[in-house]
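With my numbering, the residue at position 629 of the sequence shown is 766, and numbering never jumps. Backbone N, C-alpha and C define an ideal beta-carbon position, used for all residues, glycine too.
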Amino acid sequence: MKNYLLDSLFINMLRLRAICPFSWRVFQFRTCSCKPLISQMITCTDEEQVFDLIEKNKAILSEKQVECAFNILWQFQKQKTSFLKNVDCIRDHPQFLTLHNLATSQMEFMNDDTLVNVLYITQQCATEAHDLVAALVTEAWRRLERFDINVLSKFSSCLAKQNLYFSPLMGKIADIVHRNLETIEDLRSLSVLMVSISSLISQRFQEQLVNKTENLFDTIDSSQVNVARRIVQFLRNIKYSYYPLLERCNKVFLSNMNHLDLDSISKILSLYHSLQFHSFEFVKTAKKRLAEMIPLFDHPDGFVKLFVALGPIAGPEEKKQYLKISVIPSEISILVYALSILPSSHLDEVGISRIEAILPQCDLNDLNGFATSVLRWIHYDRKCLDNTTGKQLKLLQKLDHFGLQRLRKCNNLNLLWEELKSLKGDWFAESLLEETAGTLHRLMEEINYKNVAEIASFISRTNYFSTLLLDRIASVVVQQSQKIHPYVILDIILPFSIFNYDPPQNDEFFRICIQYLNSYLSGLDPLMLVFLGYSLATLGYFPEDLLKAIFNIKFLAKMDSQLEFLCSSLNMKVQFRLMELNRAVCLECPEYQIPWFHDRFCQQQYNKDFGSMNGAQQQIYKMLAEVLGGTNCVKASVLTPYYHRIDFECILDKRKKALPYGSHNITLGKLPETHWESHTQITGSRLPPGAERIALEFLDSRAFCRNIPHLKGKSAMKKRQLEILGYRVIQIPHFEWNSMALSTKEARMDYLRERIFGKSTS
138 MKNYLLDSLF
148 INMLRLRAIC
158 PFSWRVFQFR
168 TCSCKPLISQ
178 MITCTDEEQV
188 FDLIEKNKAI
198 LSEKQVECAF
208 NILWQFQKQK
218 TSFLKNVDCI
228 RDHPQFLTLH
238 NLATSQMEFM
248 NDDTLVNVLY
258 ITQQCATEAH
268 DLVAALVTEA
278 WRRLERFDIN
288 VLSKFSSCLA
298 KQNLYFSPLM
308 GKIADIVHRN
318 LETIEDLRSL
328 SVLMVSISSL
338 ISQRFQEQLV
348 NKTENLFDTI
358 DSSQVNVARR
368 IVQFLRNIKY
378 SYYPLLERCN
388 KVFLSNMNHL
398 DLDSISKILS
408 LYHSLQFHSF
418 EFVKTAKKRL
428 AEMIPLFDHP
438 DGFVKLFVAL
448 GPIAGPEEKK
458 QYLKISVIPS
468 EISILVYALS
478 ILPSSHLDEV
488 GISRIEAILP
498 QCDLNDLNGF
508 ATSVLRWIHY
518 DRKCLDNTTG
528 KQLKLLQKLD
538 HFGLQRLRKC
548 NNLNLLWEEL
558 KSLKGDWFAE
568 SLLEETAGTL
578 HRLMEEINYK
588 NVAEIASFIS
598 RTNYFSTLLL
608 DRIASVVVQQ
618 SQKIHPYVIL
628 DIILPFSIFN
638 YDPPQNDEFF
648 RICIQYLNSY
658 LSGLDPLMLV
668 FLGYSLATLG
678 YFPEDLLKAI
688 FNIKFLAKMD
698 SQLEFLCSSL
708 NMKVQFRLME
718 LNRAVCLECP
728 EYQIPWFHDR
738 FCQQQYNKDF
748 GSMNGAQQQI
758 YKMLAEVLGG
768 TNCVKASVLT
778 PYYHRIDFEC
788 ILDKRKKALP
798 YGSHNITLGK
808 LPETHWESHT
818 QITGSRLPPG
828 AERIALEFLD
838 SRAFCRNIPH
848 LKGKSAMKKR
858 QLEILGYRVI
868 QIPHFEWNSM
878 ALSTKEARMD
888 YLRERIFGKS
898 TS
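Put into structure tokens, the structure is as follows:
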């Protein structure tokens, strides 16, 4: 029979062991001959012994014993130096799958603390355990409202590790913190939550958190460096240099300077630099502390780490000296970046040679970092293309070469993803995107339920249209849908929505996605449901259950309460997506009888956000006036019913002759007006018999995919809806208007005549 009381005692002692390892060594337990299983785990000296116990006792392991096994395995990992190597020994062990399955089967019996602890350790120990992580996150999501502040903060850190800062689940956590802020008294847990939710919350909520933090600051003792650092990080995230709180955190750092390591000093200095908070006492004390560390370094790399810690303190010449002795690509990348942002700094021949020497060792992140820095120098120096700048251009070519070589040699999709997931910037988009797509094509058989959402999200960000990759994603979903976590369905649908693409098995693919969503509607976050509804509507899918879940008073009230504490940019994005979804449903699914309720919102937005026409639009306007017979025959910047804005409108009678608008036309640059009878009625446009209303739209590069002129979903949906409103829609792509074939005014005039009247009349 299991001895649960004794097992619980040993779990608590295990936690004590993690905090006070020395005390554990000198304190010995006297156990009975038949040791409880947890006590046997605690006496293990390596991972193999733990796994042996799991194999022998897998039929009787309780949820507490499963937690204990995870705890001990994690303690072994933290004691070792080569973290990645030792993670493999856990992840690849045959008995880890047993532990994995036990955790999955006993998850619902775990208490809240155990559940989140197992999630935390699983993430730390086994990066491949995506399905277990997803299951644990799902169960935690179900319990979220009942979590205490400590469990909630640990769970938020788990989500942050997955880079889910903008996920609906993190939004739900922000909502819980907002509703319970007055009752929170634990600054340690609150400080973790503040770093996690800072990207989501409104300015008002940010100020409330700052005030709460200041009120609770005296509840922590002067040794709480991590709490103080998280507070400063939060202030940096919200771009708020609140000096009273910064001063109090600074005192904590100063009182603990003798215990701060290089990384801590470096991070604090970086935070201060971002906040423009100048503590001369901290800089002076930090320099003294760093000087004391110099004898600890017996290798040039140590001096590079010292420089990294000095950060803003070190000057350009110091940085160049450190660059000359560094041998680690990631550190050289940091040094080069630091030099590139200094005023009047140049990358000399020694620095260029240093970079060139380590290029064969660099991964894509290192290469991207170098390229970003070199491009910055070239931009600064292009006015004087001297010999150094010429060498920088050659260095950029070498970076292209090594980046392409690394992609061509890659034969593992998961390893490739580790390098791709954080890449951004002009160099990657211009130099490596095509080859990256080719590599993904080559490795696409490795796309599975574990990584399909990540790959789909990456494709969305790159704006690179590939039917091969999208078809593979759809196929994986169709075959393995039950293994895919519900909150990643949005990431999976998104590229199809963005690129306006139906895969060959589109009916089955979207049916499965929609059915899967329907079973989770009550548990999904309101913001996620809005984005899901919009993405599906872009493609012309309007699932009734999803729409009824969104367009009801209870849901909208709940969403309004969340919008109050979201940052302004996310708040506005959600409101626009809800408006666009409302418009799509009213126009394309009138049988659902969902009312249009965004008149006031649209009027407010167009009153404050009306831009002038660009150069191409002005050209088209003048030529349209000539083609149609005068400026009174073309209307610019028109708002339609339901507030679509179109570039130009004209009306042709039954003889294909343009009808004048009389005095109703507008001056360019002024607020557009709707000249139809009502914003919300399609009928009543009062056209003469046989006449047609024409909308002309100039489509810039944003309307098309990056690699081919394929019309994206948002522009395709707009065309579809304008046609429902009674327009004949003429879209003028930028690549046609700016082509060699239309290089003269006469050619452009003929082009417009042919598009409007159906034949050239020149």
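By a C-beta neighbour count over all protein chains shown, 10 Å radius and 16 as the cutoff for buried, is residue i buried or exposed?
| i | result |
| --- | --- |
| Ser705 | exposed |
| Pro826 | exposed |
| Asp189 | exposed |
| Pro694 | Per the sequence shown, residue 694 should be read as Ala rather than Pro. When all chains shown are included, Ala694 counts as exposed. |
| Gly878 | Checking the sequence shown, residue 878 turns out to be Ala, not Gly. Exposed, because fewer than 16 other Cβ atoms sit within 10 Å of the Cβ of Ala878. |
| Phe636 | buried |
| Thr180 | exposed |
| Leu327 | buried |
| Phe246 | exposed |
| Ser510 | buried |
| Glu185 | exposed |
| Thr320 | exposed |
| Arg162 | A caution first: Arg162 carries a pLDDT of 32, below 50, which makes its placement in the model unreliable, though a value can still be read off. So Arg162 counts as exposed. |
| Ala494 | exposed |
| Ile690 | exposed |
| Gly527 | exposed |
Could you compute how far the alpha carbon of residue i sits from the alpha carbon of residue j?
| i | j | result |
| --- | --- | --- |
| Leu658 | Leu406 | 45 angstroms |
| Gln361 | Val389 | 7 angstroms |
| Pro732 | Leu306 | 29 angstroms |
| Asn287 | Leu383 | 24 angstroms |
| Lys291 | Val329 | 8 angstroms |
| Ser876 | Ala753 | 13 angstroms |
| Leu174 | Thr182 | 15 angstroms |
| Asn374 | Ile313 | 20 angstroms |
| Glu763 | Arg823 | 26 angstroms |
| Phe688 | Pro727 | 14 angstroms |
| Glu645 | Thr241 | 29 angstroms |
| Val771 | Pro797 | 8 angstroms |
| His315 | Phe342 | 7 angstroms |
| Met665 | Ser304 | 8 angstroms |
| Gln214 | Cys547 | 28 angstroms |
| His538 | Gln529 | 14 angstroms |
| Ser634 | Lys759 | 35 angstroms |
| Thr811 | Gly767 | Because Thr811 carries a pLDDT of 46, less than 50, the predicted location of this residue cannot be relied on, and no value is offered for it. |
| Ala590 | Thr275 | 16 angstroms |
Taking C-alpha atoms, which residue in the options lies nearest to residue i?
| i | options | result |
| --- | --- | --- |
| Leu533 | Phe565, Glu418, Arg316 | Phe565 |
| Tyr379 | Gln413, Leu391, Ile402, Leu273 | Gln413 |
| His781 | Asn287, Lys856, Cys842 | Lys856 |
| Asn238 | Leu269, Ile635, Thr259 | Leu269 |
| Asp503 | Gly540, Leu550, Lys528 | Gly540 |
| Leu501 | Leu327, Gly660, Lys561, Glu429 | Lys561 |
| Pro846 | Arg865, Glu873, Leu824 | Glu873 |
| Glu572 | Leu553, Ala590, Val589 | Leu553 |
| Lys849 | Leu776, Phe417, Ser597, Ile592 | Ser597 |
| Lys791 | Arg830, Asn769, Asp784 | Arg830 |
| Leu776 | Arg843, Asn769, Cys739, Ile757 | Cys739 |
| Gly677 | Gly575, Leu724, Leu661 | Leu724 |
Is the beta carbon of residue i sitting closer than 8 angstroms to the one on residue j?
| i | j | result |
| --- | --- | --- |
| Phe702 | Ala297 | no |
| Tyr638 | Thr604 | yes |
| Tyr729 | Leu684 | yes |
| Val615 | Tyr586 | no |
| Gln699 | Pro663 | yes |
| Thr259 | Lys195 | no |
| Arg545 | Ile584 | no |
| Ile357 | Val364 | yes |
| Leu557 | Phe595 | yes |
| Leu289 | Leu273 | no |
| Ala840 | Val866 | no |
| Met394 | Arg367 | no |
Using a Cβ-Cβ distance cut-off of 8 angstroms, determine whether residue i contacts chain D.
| i | result |
| --- | --- |
| Ala593 | You won't find chain D in this structure, because it holds only one protein chain. |
> Is there contact here, the region 665 to 679 with the region 873 to 883, by at least three beta-carbon pairs under 8 angstroms?
Replying inline: no
> For the region 617 to 635 against the region 823 to 838, are there 3 or more C-beta pairs whose distance is under 8 angstroms?
Replying inline: no
> Would you call the region 644 to 657 and the region 860 to 868 in contact, with 3 or more CB pairs under 8 angstroms?
Replying inline: no
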